[in-house]
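Undergrad:
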Amino acid sequence: MGGLADAIESPTIVPYAEIPGLAASTASGHRGEFLIGHLASRPVIAMAGRLHVYEGHSLRVVTRPVALMTGLGINELVVSCAAGGLNPNFNVGDLVLLNEHSSWLDGKLGAPPTSFQRTNDSANESAAAAGCFRRSLSTCDPHLDAIAHQTAHTNGFELRRGMYLAVNGPNYETRAECRMMRRLGADLVGMSTVPELLCANSAGVRTLGISVVTNLALPDAPATADHADVLEVCERAAERLQQIVRAIATHGA
33 MGGLADAIES PTIVPYAEIP GLAASTASGH RGEFLIGHLA SRPVIAMAGR LHVYEGHSLR
93 VVTRPVALMT GLGINELVVS CAAGGLNPNF NVGDLVLLNE HSSWLDGKLG APPTSFQRTN
153 DSANESAAAA GCFRRSLSTC DPHLDAIAHQ TAHTNGFELR RGMYLAVNGP NYETRAECRM
213 MRRLGADLVG MSTVPELLCA NSAGVRTLGI SVVTNLALPD APATADHADV LEVCERAAER
273 LQQIVRAIAT HGA
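Plus 32 on top of the position in the sequence shown (first one is 1) and you've got the numbering used here.
(1) Do you know offhand how far T186's Cα is from I280's?
(2) Does the Cβ of G88 have 16 or more other Cβ atoms within 10 Å, making it buried, or fewer, making it exposed?
(3) What do you get for E234, buried or exposed, if any count of 16 or more other CB atoms within 10 angstroms of its CB means buried?
(4) With a CB to CB cut of under 6 Å and the five nearest residues on each side skipped, what residues in its chain are close to M101?
(5) In terms of DSSP beta bridges, what is C113 paired with?
(6) Does any residue of chain B bring its CB to less than 7 Å from the CB of G241?
(7) Tell me which same chain residues have a C-beta within less than 6 Å of the C-beta of E65, skipping the five on either side of it?
(8) Contact between the stretch 172-182 and the stretch 111-119 is defined here as three or more beta-carbon pairs at a separation below 8 Å; is this criterion met?
(9) So within the stretch 170-246, which uninterrupted beta strand (DSSP E) runs reach at least 3 residues, ignoring any that extend past its ends?
(10) Return the Cβ separation of A37 and L67 in integer angstroms, given the expectation that the two are a contact with Cβ distance under 8 Å.
(11) Return yes when the Cβ of R192 is within less than 7 Å of the Cβ of V128, no when it is not.
(12) Evaluate A218 with the Cβ neighbour count: other Cβ atoms within 10 Å of its Cβ, from every protein chain shown; 16 or more gives buried, anything less gives exposed.
(13) Tell me the residue span of the beta strand (DSSP E) that contains A99.
(14) If we ignore side chains and look at the alpha-carbon of each, how far apart do G241 and L220 end up?
(15) Start and end of the beta strand (DSSP E) containing I45?
(16) Tell me the residue span of the beta strand (DSSP E) that contains P52.
(17) Return helix, strand or coil for A269, following the three-state DSSP convention.
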């Protein structure tokens, strides 16, 4: 979604690798930078690229950029990602709001994202952690959801909803795995997003996750998933996603 980050006006660019405690992003298409500037006349900070468990990072490291942003005082976080479409009603290029999620990411690789809190008070920290588990049932903020759908209606495109399943990767799913995931209720499958949403949500930040369906992961209509194709679909969807993010920057607070 590099085009979205490039829409930020007069950005100050800070590579992750230049910040103590953050790791460089190695995945193709992920620049691994913070962009700090303005969007729709509102101060914003954006991540151009993210970290993944499949790069060898723990969940603690994966969520560290989001934890840093919550520490800076962000009020809202929109997380975008590419995903395979398990729902047969989805099409390549669809935008899907993540109204539910499930995570199969390997939590044994490190501390969960709920370890990040914006307080030094141990009692408040425990309460915030407990609150994260309550709120994790839905990381789709109703107000941001309404703005996103109104923007889609105004601009003449459809915005779907679905349940996102996060897996370790980096391999794409087999036909048998796709069939199992669909039977469990998943509409989308990807390799990220849930840790970032939970990290921000646990800090009291209003969150919204949006996936771009970049390939169809249908067990009975198999197609080969190619990373170059995924990047191309993301760039084509960037304009619609940018319209949503601009609307949230304008009306979200």
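Glycine is no exception: its CB is placed at the ideal position from the N, C-alpha and C atoms.
TA: Let me spell this out:
(1) 14 Å
(2) exposed
(3) One point to set straight first is that residue 234 is Ser, not Glu, in the sequence displayed. Buried: at least 16 other Cβ atoms inside 10 Å.
(4) I77
(5) S243
(6) Annotation note: the requested chain B is absent from the structure, which comprises a single protein chain.
(7) I45, P47, A80
(8) no
(9) 191-198, 220-222
(10) 5 Å
(11) yes
(12) buried
(13) It is not in any beta strand (DSSP E) - A99 instead sits in the alpha helix (DSSP H) that spans 96-103.
(14) 12 Å
(15) 41-47
(16) Premise fails: P52 is in no beta strand (DSSP E) and is neither H nor E.
(17) helix
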